[in-house]
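Participant: Before I ask anything, here is the structure I am working with.
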Amino acid sequence: MKKLTLLFLLITSFSFSQEIKYHNPNFDFKSGEHYYLFGNDVKFRKLPNLTSEVIDLLKIGTEILILEKTENKLNYNGIESPFYKVKYNNKVGYLLGGLISLEKKEFKNSKYFFTYKKIEDNYSIIIRHLNEKSELTENISILETYEFSIDIFDNKGIDNLENILFVNYLSEACGIDGGGIYFFKTESELKKVLEISQVSDAGIYWLEEKLIFPKDKDGIKGKIVYQKEIGNYEDEETNWIEIKKTSRELEWKNNDLFPKLEKEK
Numbered sequence: 016m017k018k019l020t021l022l023f024l025l026i027t028s029f030s031f032s033q034e035i036k037y038h039n040p041n042f043d044f045k046s047g048e049h050y051y052l053f054g055n056d057v058k059f060r061k062l063p064n065l066t067s068e069v070i071d072l073l074k075i076g077t078e079i080l081i082l083e084k085t086e087n088k089l090n091y092n093g094i095e096s097p098f099y100k101v102k103y104n105n106k107v108g109y110l111l112g113g114l115i116s117l118e119k120k121e122f123k124n125s126k127y128f129f130t131y132k133k134i135e136d137n138y139s140i141i142i143r144h145l146n147e148k149s150e151l152t153e154n155i156s157i158l159e160t161y162e163f164s165i166d167i168f169d170n171k172g173i174d175n176l177e178n179i180l181f182v183n184y185l186s187e188a189c190g191i192d193g194g195g196i197y198f199f200k201t202e203s204e205l206k207k208v209l210e211i212s213q214v215s216d217a218g219i220y221w222l223e224e225k226l227i228f229p230k231d232k233d234g235i236k237g238k239i240v241y242q243k244e245i246g247n248y249e250d251e252e253t254n255w256i257e258i259k260k261t262s263r264e265l266e267w268k269n270n271d272l273f274p275k276l277e278k279e280k
């Protein structure tokens with residue numbers, strides 16, 4: 016677990032944001048703090064229910080101030096979501112929590128907003144991207160681990176790429192995936208590119224995957240280096256450890272990674 020914890024810290028240290036925010040499906044928006052809308056044309060209501068008078072329609076990215084959480088709830092995207100009393104433009108009203116973004120990430124003219132979706136026992140992250148023309152696109156990806164933080168980077172030295180998002184899984188126990196999902200932002204889309212794993216079971220095994228970009232330490236110009244290490248503790252008494260390492264140089268061409276990786280679990 017020590018190796019994975021160190022790797023996790025190294026990855027998050029490259030984030031532009033100094034404050035790391037961890038999210039989970041039971042996340043409550045904090046009173047007295049500002050947030051941004053995930054939903055678009057959201058009905059800002061006088062009371063915390065769906066039949067109340069609408070004060071205004073609010074666009075995605077609108078900044079609001081949380082005043083308090085109410086007891087009124089509604090199932091939204093498969094998750095029980097409370098209404099919040101909020102302040103917007105010197106007006107006080109109510110919004111459903113599921114329509115408020117977990118956080119906002121920005122890079123140049125790109126803005127990103129995030130929320131959860133649940134189908135049966137599976138959680139997904141919904142990412143909405145808003146460009147300088149206010150054009151909205153959406154990406155939905157199933158999560159291996161439902162607790163995460165979100166990192167944003169520049170293109171890390173990759174041509175024909177605007178920026179990179181990394182959904183960084185939080186692993187607080189053995190056997191829980193501490194990897195994450197890489198999304199590449201091109202001129203036309205936000206694309207899920209690769210999901211990496213970082214899993215261990217103390218004293219038994221570990222699996223670590225990572226990407227090394229051209230701007231990273233030991234990076235190679237024009238290449239994305241994929242590395243994987245699988246280790247097994249065969250005999251603790253004699254410190255018998257077997258390790259298998261894999262390294263491949265990948266390229267970003269025609270909005271995809273080549274060659275394709277056949278991932279082992």
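Residue numbers (my numbering): 16 to 280. Even for Gly, the Cβ is constructed at its ideal location relative to N, Cα and C. Model, not experiment: these values are computed from the prediction.
1) For Tyr37, verify whether its CB is less than 6 Å away from any heavy atom of the ligand SAH.
2) Starting from the C-beta of Leu80, find all residues in its chain whose C-beta is less than 7 Å away, skip the five residues before and the five after it, and write them out in chain order.
3) Going by beta carbon distance, what residues of the same chain come within less than 6 Å of Trp267, once the five residues before and after it are set aside?
4) Which runs of the beta strand (DSSP E) at least 3 residues long sit entirely within the region 149-230? Give them in chain order.
5) Is there contact here, the region 180-198 with the region 156-168, by at least three beta-carbon pairs under 8 Å?
6) Between the alpha carbons of Phe53 and Asp250, how many angstroms are there, rounded?
7) Per DSSP, what kind of secondary structure is Lys18 in: helix, strand or coil?
8) Can you tell which of Ile142, Tyr91, Thr77, Thr152 has its C-alpha closest to the C-alpha of Ser167?
9) Using only the alpha-carbon positions, how far apart do Tyr13 and Ser125 sit?
10) What are the boundary residues of the beta strand (DSSP E) that includes Leu110?
11) In angstroms, rounded to a whole number, what distance separates the CA positions of Arg263 and Lys123?
12) Is Leu62 helix, strand or coil when you go by DSSP?
13) Please classify Ser149: is it buried, with 16 or more other beta-carbons within 10 angstroms of its beta-carbon, or exposed?
14) Which runs of the beta strand (DSSP E), 3 residues or longer, sit entirely within the region 118-144?
15) Among residues of its own chain, excluding the 5 on either side of Ser139, which ones have a beta-carbon nearer than 8 Å to its beta-carbon?
16) If we count the other Cβ atoms within 10 Å of its Cβ and call it buried at 16 or more, is Trp221 buried or exposed?
17) Using the beta-carbon count (16 or more within 10 Å), is Pro274 buried or exposed?
18) Taking only runs that begin and end inside the region 244-276, name each unbroken alpha helix (DSSP H) of 4 or more residues, in chain order.
19) Label Ile115 either buried or exposed according to how many other C-beta atoms from any shown protein chain fall within 10 Å of its C-beta, with 16 as the threshold for buried.
20) Using a threshold of 7 Å, state whether the C-beta atoms of Gln213 and Gly237 are closer than that.
21) Please report the Cβ distance between Glu118 and Ile75, rounded to the nearest whole angstrom; I am assuming they are in contact, meaning their Cβ atoms lie under 8 Å.
22) Taking Phe199 as the reference, which of Ile219, Phe228, Asp216, Phe44 has the closest Cα?
23) If the criterion is Cβ atoms closer than 7 Å, does the pair Val69 and Lys58 meet it?
24) How many Å lie between Ile35 and Glu202 at the Cα?
25) Would you mind reading off the limits of the beta strand (DSSP E) that contains Asn90?
26) Quick one: give me the first and last residue of the beta strand (DSSP E) that Leu73 is part of.
Facilitator: Judging by the given coordinates:
1) Summarising the ligand content, the structure contains no ligands, and the ligand SAH is consequently not present.
2) Closer than 7 Å at Cβ, skipping near neighbours: His49, Val101, Lys102.
3) Ile173
4) 151-157, 163-168, 178-184, 195-200, 205-211, 213-216, 220-227
5) yes
6) 51 Å
7) The predicted model places Lys18 with a pLDDT of 43, which falls under 50 and marks its position as unreliable; any figure quoted below should be read in that light. Three-state DSSP puts Lys18 in a helix.
8) Per the sequence presented here, residue 167 reads as Ile, with Ser not at that position. Minimum Cα-Cα distance from Ile167 among the listed residues Ile142, Tyr91, Thr77, Thr152 corresponds to Ile142.
9) Residue 13 is absent from the structure shown; the chain starts at 16 and stops at 280.
10) 106-111
11) Roughly 31 Å separates the two Cα atoms.
12) coil
13) exposed
14) The DSSP assignment places complete beta strand (DSSP E) segments of no fewer than 3 residues inside the region 118-144 at 119-122, 125-134, in order along the chain.
15) Tyr131, Lys132, Lys133, Ile155, Ser156, Ile157, Leu158
16) Counting other Cβ atoms within 10 Å of its Cβ, Trp221 reaches 16 or more and is therefore classed as buried.
17) The residue is exposed, with fewer than 16 neighbouring Cβ atoms inside 10 Å.
18) none
19) buried
20) no
21) The pair is not a contact, with the Cβ atoms about 14 Å apart (cut-off 8 Å).
22) Relative to Phe199, the option among Ile219, Phe228, Asp216, Phe44 whose CA is nearest is Phe228.
23) yes
24) 27 Å
25) Run containing Asn90: 78-91, per the beta strand (DSSP E) assignment.
26) Here the beta strand (DSSP E) through Leu73 covers 69-73.
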